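Working notes, structure below.
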Amino acid sequence: MIRPAKRVSSTLPPRGPADPALGGISLVFPVHNESFIIEQTLRNYIAELTDRVPDLEVVVAEDGSTDDTKIVLERLEHELPIRLFMSDERKGYQRAVIDAIAHATKPWIFVVDSDYQFAAIDFWRLEPLRKDADIILGVKTPRRDPFHRVFLSWGYNVLMKAVFRVPYIDMDTGFRLIRKSVADEISPEIRHMSFFTAEFVIRAHYAGYRIIQVPVRHYARKIGSTTIFFMSQLVVICFKQFAGMLRLRGEFRSRGIHQPPSKHS
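In this text, residue positions in the sequence shown follow my numbering: the first is 582, and each later residue adds one.
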């Protein structure tokens, strides 16, 4: 099932409780150099979900931060109900997300970028759809990023839709609810693209899993180096992502996969 995202409803969603019959949820945060915001992120999400999700665990996977993120997390480990995993070396976003997912133990995984660009309450826009989906994508509506990032993401998504014939409009979203069994099957195969969600969604789509898109609010990143990184490395990023698309398409062709399953058409 595919539900196109249009605009975020002005009416706030009912705040739970989550349906216990659908299984517990692992709230997973990949973290890198987020000392300025990670405490606010964790406290807000834990406050929103703890009493409303019957079987919840919070997994924090730190990825070789060079600021004070590790110090903040070590303190929070004694104050909040989190399972903390830290790395001495930087793995990169894709590998960090895959490893973070591996630490999750519940039937569903709610993977959220840790820089608080998504409101915790918008989890409830995704949660009721678990009964109808295997993957639920929170689509940034509208996207509150610098122009060059919005343009890059738009072009990237348009190109992927053309190359792989998929209908999704925000394949690099950092707000996604995924069935654990699907994550366990698909994640080990991811190897071509730098952005975890995009390759994950494409592979899951071609495997026939049910994917739903839901509009959620998006907030601008408060501080950090994301803008500088993208401006200075834009050409390299574009080249790597395009090369990754070609490798993934080549893999599909070598395996005799030429079109998505008919259920998605």
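All C-beta atoms in this analysis are idealised placements derived from N, C-alpha and C, irrespective of residue type, glycine included. In this text, all values refer to a predicted model and were calculated from it rather than measured experimentally.
Distance, Cα to Cα, residue i vs residue j?
i: I783; j: F833; result: 11 Å
i: A788; j: L710; result: 20 Å
i: G825; j: H613; result: 23 Å
i: P769; j: G645; result: 21 Å
i: P601; j: F777; result: 28 Å
i: I606; j: D648; result: 30 Å
i: R549; j: D680; result: Residue numbering for the chain in the displayed model covers 582 to 846; residue 549 lies beyond these limits and cannot be assessed.
i: E620; j: A743; result: 40 Å
i: F617; j: T650; result: 8 Å
i: D765; j: E780; result: 14 Å
i: R624; j: L829; result: 38 Å
i: A599; j: V634; result: 5 Å
i: K821; j: M774; result: 8 Å
i: L665; j: V747; result: 35 Å
i: P611; j: L827; result: 27 Å
i: P723; j: D751; result: 11 Å
When DSSP labels each residue in this structure, what does residue i get in the three-state scheme?
i: F776; result: coil
i: K821; result: helix
i: K721; result: strand
i: P611; result: strand
i: E660; result: coil
i: E638; result: strand
i: I702; result: helix
i: I771; result: coil
i: L665; result: strand
i: E832; result: helix
i: E620; result: helix
i: V693; result: strand
i: E766; result: helix
Classify residue i as buried or exposed, calling it buried when 16 or more other Cβ atoms lie within 10 Å of its own Cβ.
i: H659; result: exposed
i: V817; result: exposed
i: V739; result: exposed
i: S734; result: buried
i: A677; result: buried
i: H839; result: exposed
i: G736; result: exposed
i: L718; result: buried
i: R588; result: exposed
i: D753; result: buried
i: I652; result: exposed
i: Q675; result: buried
Are the CB atoms of residue i and residue j nearer to each other than 8 Å?
i: A801; j: I792; result: no
i: I682; j: V693; result: no
i: I759; j: I716; result: yes
i: L630; j: F704; result: yes
i: E615; j: D696; result: yes
i: V763; j: A685; result: no
i: D632; j: K687; result: no
i: Y749; j: A701; result: no
Please name the residue or residues paired with residue i in a DSSP beta bridge.
i: I716; result: I759, I792
i: W735; result: In DSSP, W735 forms no bridge with anything.
i: I606; result: L637, W689
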